[in-house]
Each structure stands twice: as C-alpha cells, then as structure tokens.
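Number of protein chains: 2
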Amino acid sequence: MNTILLNILRQRGYRITPQRELILNAAMQSQAHVTAETIFERVQQHTQALNIATVYRTLDLLVTEGLFRRTDLGGGSMVYAPTEHGPHIHLVCYKCQQTLEAEYQLVANLTSEIQQRHHFSADLHHVSIFGLCANCQPSN
Amino acid sequence: MNTILLNILRQRGYRITPQRELILNAAMQSQAHVTAETIFERVQQHTQALNIATVYRTLDLLVTEGLFRRTDLGGGSMVYAPTEHGPHIHLVCYKCQQTLEAEYQLVANLTSEIQQRHHFSADLHHVSIFGLCANCQPSN
DNA sequence: GCTATAATTGCGACTATTCGCAATAGCAAA
DNA sequence: TTTGCTATTGCGAATAGTCGCAATTATAGC
C-alpha cells in the first residue's frame, strides 16, 4: 500500500478515492513502464468498480503533479512510470520499433540551455527520441 | 503542381496515383504545419474521390521516406511539414499549450553524441520538447 | 455523526488514427 | 495495346484517449 504518494496528493488538496488508491497501487506494482490498459486490467482482477476513463484521468493527474512521467515508446499507447524511478531517455527506432535506454546525462545541459535562452523549463526526464537504430540504418 | 517530390517517389518504386498527387499538392500549399484533416478538407473542395485513411497512409509514406516530418504539438492531432522547410525544434507548454519555435542548433550536437555513444541515428529535425513556458512556471 | 458543497466518477459519445480485407488500378513486359 | 502482377485504395471496424454531463461521494464545518 503506497501511502507516500497518496499523502502528497491529499496535501495538495486532492481527494483520496478508492479508485485512486487502486490505480496508484497497480501503477507502482512493477518496475517497468505500464500502460493505462495494463493498470485497468490489474485492478479489474480485484473489483469491477473502475472505469477506464478514470484510469486516464488519474494518470493525467499524477503526471501534471509531477509524480509520474508519460512517455511515447511508439507502441501505439502511452506508457507511465513513477518519477522516482529516475530519469533516463529512450531511443526509439522508427523502423523496427525497438527501444534503447540511455543516460539522462546526454540531455542534461540541453535543459539548462533551453531555460537560459528561451526561459522554458523543458521536461526531458523520460523523453523519447525517435530515429534509426544501428541495425536499421542504411549501411552505405 | 509539385513534380519534384512525385519524381522522387516514382524513382523509389512507388506508384503515382491521383490521390497521392492531390494529397501532396494540398500538403505543400501552405508554409505552416498541417494536419491530415486539413489536407483532407482541402482536397475535398475539388473532389470527393479520397478517403481519410489514404491521407494518413500517404503522409506515413512521406515521413518514412524522409520527405516530410511529423510532429506532436500537443493539440490533439499530429502535424506535418515538408522536410525542405528546414529543421527547427518546438517547445510545447504542458499547461497553456502554447508553442515556441527554437533553433535546431540547440540539439545539433546531441544528435552526434547519440550516434557516437549508441550508434543510433536520432531524428531531431522537427522534434517537440514538452515543459513549462515562462508564464506557466511556478514563480518562487 | 450529519450536512453541504465541490471534486470525482461512470457512462456514452466522440476524435484521431490504424488495420484487415476485398476491389481497383499503376506500370512493366510482351 | 493488352495483360498480369502487386501496390494502393476505400470501407468499415477497431483502438487509444478525451470530453460533457448527470450522479455520486470525500471531506470540511457544524
């Protein structure tokens, strides 16, 4: 049972509903990125009392509150991960759809440069970069 | 009438259909980014002989052939622009949805670093970076 | 413990996009 | 110019995600 994140939400004035508890627990259940659909299925194994729209709305809330990150890994649906899992970037191949994880370090100073030059606070903590992996690049 | 891009497609073994001509012309009609829906509406002013799925498929083709770029500007639908319009990056605000254009230069050496370290050919030519604009950042 | 109120949920409709499949039609070769 | 092959299209259904609105409910104040 994850009380830490629930308490953060409560402190920020959000109501703690059974649905939010269920979603949060299901979302924290694995170390990997999860889709809304996966969370929905996990919760449904215990109870019927949940609508998929609520899953999306709760995940949106968690993302805008900075507790989760949403990433497009090119698989057709967005994936979510707790912010505490630490920043890293995703290299997603256009062609074969494979994804590589890379160190956040690569984009760290891009963030500060964008802040200085454009006063824009870029969120690159779980960003996806699309392109072609080694195997799929034309070899000439 | 845009014969240059049509010839490139022909040379690469793709068939030139009336639909592809119409879509290509409509897509090149303005300097700005366009959505599939916009292209579809433009073409429909001339003829009914076009299906929205074909618009999406043709745009996909143009993107995978490197002739167009697809970008998510956070407005709910993807936008497309000819590659020849030149690279630039988009700073998209999570909160107010406003987008700023910035120089490609900012990410130029990130591309080569990713190539060196991960042998991954990153495509950052029209990338969107999400975050908070100056107005929407907490001011403390 | 009750009540009032505003946040949250469920539901059904809607949007953007993709997909499978049968029908159509470019284009290369004869 | 006709033919045949296969790429491409149209269609309708499916998927991921969002939205408006009425019903429900968490929580602050009594």
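Note that the protein sequences, when read in sequence, are chains F and A. Heads up: the first sequence at position 13 corresponds to 13 in the numbering used here, and the numbers run straight through without jumps. To get the numbering used here, take the position in the second sequence, counting from 1, and add 140. Cβ coordinates follow ideal geometry from the N, Cα and C atoms, glycine included.
Proximity below 8 angstroms, CB of residue i to CB of residue j
i              : j             : result
T71 (chain F)  : V79 (chain F) : yes
I129 (chain F) : H88 (chain F) : no
H258 (chain A) : L73 (chain F) : no
R12 (chain F)  : E65 (chain F) : yes
L67 (chain F)  : I8 (chain F)  : yes
Rounded C-alpha distance that separates residue i from residue j
i              : j              : result
V34 (chain F)  : L201 (chain A) : 30 angstroms
S170 (chain A) : Y56 (chain F)  : 35 angstroms
V107 (chain F) : L250 (chain A) : 7 angstroms
C93 (chain F)  : L199 (chain A) : 18 angstroms
C273 (chain A) : I114 (chain F) : 11 angstroms
E177 (chain A) : I4 (chain F)   : 44 angstroms
F180 (chain A) : N165 (chain A) : 11 angstroms
A221 (chain A) : L6 (chain F)   : 43 angstroms
F260 (chain A) : V127 (chain F) : 15 angstroms
T103 (chain F) : A193 (chain A) : The sequence given here has Glu at residue 103 (chain F), not Thr. Taking the straight line from one Cα to the other gives about 38 angstroms.
A172 (chain A) : R10 (chain F)  : 44 angstroms
C276 (chain A) : Q116 (chain F) : 16 angstroms
D263 (chain A) : G226 (chain A) : 13 angstroms
G75 (chain F)  : S217 (chain A) : 17 angstroms
M168 (chain A) : Y154 (chain A) : 19 angstroms
K235 (chain A) : S252 (chain A) : 31 angstroms
Q45 (chain F)  : Q245 (chain A) : 50 angstroms
R209 (chain A) : N2 (chain F)   : 42 angstroms
P138 (chain F) : G131 (chain F) : 12 angstroms
H265 (chain A) : V183 (chain A) : 28 angstroms
Q238 (chain A) : Q98 (chain F)  : 31 angstroms
Contacts that residue i makes with chain A (C-beta to C-beta distance below 8 angstroms)
i             : result
E65 (chain F) : Within chain A, no residue comes near E65 (chain F); the closest Cβ sits about 12 angstroms away, beyond 8 angstroms.
Amino acids of chain F, ordered along the chain, whose beta-carbon sits closer than 9 angstroms to that of residue i
i              : result
Q277 (chain A) : H119, F120 and S121
A274 (chain A) : H118, H119, F120 and S121
Contact list for residue i against chain A, beta-carbon separation under 7 angstroms
i              : result
G131 (chain F) : F260, S261, A262 and D263
Chain A contact residues for residue i, given Cβ-Cβ distances below 9 angstroms
i              : result
L110 (chain F) : L246, V247, L250 and I269
I8 (chain F)   : Those within 9 angstroms of I8 (chain F) in chain A number zero; the least Cβ separation is about 16 angstroms.
L100 (chain F) : H258 and F260
Point to revise | Segments of 3+ residues assigned as beta strand (DSSP E) that fall wholly inside the region 65 to 136 of chain F | key: 68 to 72, 78 to 82, 88 to 93, 99 to 103 and 128 to 132
Practice item. Say whether the region 182 to 196 of chain A touches the region 156 to 165 of chain A, bearing in mind that this needs 3 or more beta-carbon pairs closer than 8 angstroms, one atom from each stretch. Key: yes
Point to revise | Secondary structure, beta strand (DSSP E): runs of 3+ residues fully inside the region 141 to 215 of chain A | key: 208 to 212
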